Every structure is written in structure tokens, then in C-alpha cells.
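Visitor:
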Amino acid sequence: MEIKISKDTMKKAACLIGFAVLLYVGVRNMDVVLQYLGLLWSLMFPFILGCAIAFVLNVPMKFMEKHLFEKARRKGNKAAIKLGRPISLLLSILFVVAIILVVALVVIPELGATFVSVAKQIEKSIPMFQEWLDHTLSQDSPIVVWANSIDFQPEKMLDSLIDVLQNGVNNILTSAITVTTGIVSTAVNIGIGFIFACYILLQKEHLMLQIKKALYALFSQKTVNYVLHVCTLANRIFASFIAGQCIEAVILGSMFFVVMTVFKFPYAMLVGVLISFTALIPVFGGFIGCWIGFFLIFMVNPLQALVFLGIFLILQQIEGNLIYPHVVGNSVGLPSIWVLMAVTVGGSLMGIVGMLIFIPLTSVAYALFREWVYKRLRKKRIQVI
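Mind the numbering: the sequence shown is residues 106 to 490 in the working numbering, read in order.
#1: Considering only residues of the region 442 to 466, which uninterrupted beta strand (DSSP E) runs meet the minimum length of 3 residues and lie entirely inside it, listed in chain order?
#2: Rounding to the nearest angstrom, what Cα-Cα distance links V405 and K229 in this structure?
#3: May I ask you to verify whether the region 342 to 360 touches the region 159 to 174, counting CB pairs closer than 8 Å and requiring at least 3?
#4: Sort C120, I305 and F220 by Cα distance to L154 and report the nearest one.
#5: To the nearest angstrom, how far is it from the Cα of M106 to the Cα of A319?
#6: Whole angstroms is fine: what's the gap from A470's alpha carbon to A118's?
#7: Can you give me the C-alpha to C-alpha distance between E215 and R133, rounded to a whole angstrom?
#8: How many Å lie between W396 and R179 at the Cα?
#9: What separation, rounded to the nearest whole angstrom, lies between the Cα atoms of K485 and Y479?
#10: Buried or exposed: F474, going by 16 or more other Cβ atoms within 10 Å of its Cβ?
#11: Indicate the three-state DSSP secondary structure (helix, strand or coil) for S222 in the structure shown.
#12: Could you tell me the alpha carbon to alpha carbon distance between Q409 and F417, rounded to whole angstroms?
#13: What residue from V138, L357 and Q488 has the CA that sits closest to E424's CA?
#14: So for M106, helix, strand or coil by DSSP?
#15: Please state whether the Cβ-Cβ distance between V376 and G398 is less than 7 Å.
#16: Hey, would you say A354 sits closer than 7 Å to L312, going by beta carbons?
#17: On a CA-only basis, which of K309, K116 and F150 is nearest A292? Give me that one, please.
#18: Rank A184, T337, L401 and G394 by C-alpha distance to the C-alpha of P225 and give the top, closest one.
#19: With DSSP collapsed to three states, give me the class of S468.
#20: Would you please state the rounded distance, in angstroms, between the beta carbons of V221 and V378? I believe it to be under 8 Å.
#21: Could you check the C-alpha separation between E170 and P407 for me, to the nearest Å?
#22: Could you tell me if A185 is buried or exposed, where buried requires 16 or more neighbouring beta carbons within 10 angstroms of its beta carbon?
#23: Are the C-beta atoms of Q488 and some chain B residue less than 7 Å apart?
#24: Between V448 and I464, which are expected to be in contact by the criterion C-beta below 8 Å, what is the C-beta distance as a whole number of angstroms?
#25: Would the beta-carbon of G452 fall within 7 Å of that of Q421?
#26: Tell me which same chain residues have a C-beta within less than 7 Å of the C-beta of I122, skipping the five on either side of it?
#27: Within 10 angstroms of the Cβ of A159, are there 16 or more other Cβ atoms? Answer buried if so, exposed if not.
#28: Might you give, ordered along the chain, the residues of its own chain that have their beta carbon closer than 8 Å to the beta carbon of V208, omitting 5 neighbours on each side?
#29: Can you tell me where the alpha helix (DSSP H) holding G131 begins and where it ends?
#30: Can you give me the Cβ contacts of M374 inside the same chain, cut-off strictly under 7 Å, excluding the 5 residues immediately before and after it?
#31: Based on Cα-Cα distance, which residue from H334, Q308 and A157 lies nearest to E476?
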């Protein structure tokens, strides 16, 4: 009996065999593959960074385009049609730069004053601690001997630091050259990425049209439609997550600043800004800011530091139960248990960056899996109650 094999089956078999051969060769030469992947990553990094910058800037740019130029465009205003996009992009860049400058001008002086205050407080506290141990424990106690041996003098520490710097000039010069090279390389990558991001944002509709044409030319219409559906879903979820997370962080930091100012806590502005920044990290970020604030306040007034913990727990409950679900939770459409899993896995794999990107990634996977499940249930005509 003669078996006929279609050309399509032959093509699929050839592709499968070719993939298996490439996979085998790649596994046998993993070190070479990793070397080339590292080279490819270094070459593509500025453009990947540019895509990330474009994605972040696109959120405020779309908002400004919609609220500043949408009505004029509908009326056929040529100036709005031509200049709306560049002006919105420029305003978005200025907005981000202004936020960074304001935070830097607030945080850096406050941190400097805080470190000086903490150093003075430690210097004052050590003699009191030694005196308390002398009255509490016996004189020959190892703890008393160790405490009396403590000699905290910032002036001597500064002199020692200067001696170390003077003795290691050659190493410092070598390190300075290495650091300078790294800074220049990073600056070049950021510059290229920023220019690439501006080009993407100014020409995003045209670029999207080109990508669609290329995809439809290479793959079947069904495959391309599904890929575009996934990209649209991912874009919506990521944009909603970024916007919601930023709004939620600002609200939480403002709440802490207002409450700490009303009750006359020290470092109200600094703690509010720090909590706003750490709150950008989902789930755990607020607690990081809490312990930093607790330490700073504890060095000034231990009783106020304990009260601060109570205030944090109250505000965290308000934020977690009322603000976060409405601002962020509904935008990504992910149950809280999967949010916790995404943050844990992302943090283990990629640190803070992983915590930020794994929630929307998991949300996209969750939405696609839910679509597939409902499609299968409809196909099987099963209704689960």
C-alpha cells in the first residue's frame, strides 16, 4: 500500500528535524551559545531600553494628547494635528524630569541632615549606654568590658578614611577609570535608548502598520490576529498597572506626609517621599519604607517610632483594602493570591525589576488562560456553576 505524504507535512517534518538538530548542537555548545547571547544582549540593550522608556512615557503622553488636543483634532485643526504629538511628548519628558528633580531636591538634603543627626545621636547614646550597663551589670561582666571598649569618634573615623584614600591612590585611579568607562557606556546606552524611544512615540502608528504588514506576510492571518490580540491585551494591562501603581504610591506617600505632619513626627517629608518610592514595589514595598522610617524616627524619639508603626498598620489597611483594589487591582484583573505569587517569583528571579514586571506578565497569562478555558467550555457546551 502506497503512503502519500503531503508537501505541508514534509515541510513541518523538515522544520521539526532542523529545530531538533539546532537544539542538540546548542545544548552541546552551551558556553558558546551563552557568549553569543550575551553579545546580542549588549548590542540590543539600548533599543530594549528605548522600548521600555517609550512604554513609560506613552502613558502620560496619551493622557496629554487626549485632554489637550483631541477636541481640536476632531475639529480639523491643522496645528493640533501636526504639533499635538511632539508637544505632548515634550510635556511628558518635562513632567518626568520635574518629578525626578523635585524628589532629588527633597530627599538628598534630608538624607544628608539625617545621617549627621543619626551620627550625633549615636555618639551621645554610647556613653549613656555604657553608664547604664555599669549600674546594671557587674564591672567584670564581658558585656560591660565590651561596651566600655567602644569608642565612637566621627573625627577619628574621618581621619582613618583619609589615610585609606591616601594610601590607595593607584587603586582609586584604576577604579575611577573603570567607573568612568562604565558611566560613559551607560550614558551612551541611555542616550541611544532615549532617542529611539522618542522616534517610537512620534511614529508609533506608522511603525505599528509596518509591523502588521511584516507579520501578515510571514505568518497566517489567524496566527497574526492572535499575536496582535495578545499584544493589545499586554499593552492595556501594563499601561494600567504602571499608571495605577504610580497613583497608588503618590496617595500612600501623601497620606503618611499629612498624618506625620499633623502629629508632628520628625522627617515627615523624607518618610513620605521614601514610602512613595518604595510603594512602587508591589506588596512588600510599603513595608521597606516603613522600617526605614521607623529607624529614622527611633533615633530621635523611640516612643514616636512605636506610634509610627501603629499609624503605618492603620494606613496600610486603608490603602490595601480601599485604595489599591480600586486603583490597581481592578486594572490588572488578577486575584490577590496570584499577585503574591508573581511578586515572590519575580523578586527571586530578577529582584525589584522582577517584582514590577511579573504582576502584569502574570495578569496577561491569567487573562489568556481564562479566555482559553471559557472557549473550551463553550465548545464542550459545559456550564460550571
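Cβ coordinates follow ideal geometry from the N, Cα and C atoms, glycine included.
Owing to the predicted nature of the structure, the values given are computational and were not obtained by experimental measurement.
Guide: On the basis of the coordinates in this document:
#1: none
#2: 12 Å
#3: yes
#4: I305
#5: Caution applies to M106, whose pLDDT of 49 falls short of 50 and renders its modelled position unreliable; the value that the coordinates give is listed next. Cα to Cα, M106 sits roughly 43 Å from A319.
#6: 30 Å
#7: 55 Å
#8: 51 Å
#9: 10 Å
#10: exposed
#11: helix
#12: 12 Å
#13: L357
#14: At M106 the pLDDT is 49, less than 50, meaning the model places this residue with poor confidence; the figure from the coordinates comes in the next sentence. Looking at M106 - three-state DSSP - the assignment turns out to be coil, as it is neither helix nor strand.
#15: yes
#16: no
#17: F150
#18: Position check: residue 225 holds Lys in this sequence, whereas Pro was assumed. Of A184, T337, L401 and G394, the residue nearest in Cα terms is L401.
#19: helix
#20: About 19 Å separates the two Cβ atoms, so there is no contact after all.
#21: 50 Å
#22: buried
#23: Within the model displayed, chain B is absent; a lone protein chain is all it includes.
#24: 7 Å
#25: no
#26: none
#27: buried
#28: V378 and F382
#29: K112 to R133
#30: V211, E215 and F362
#31: H334
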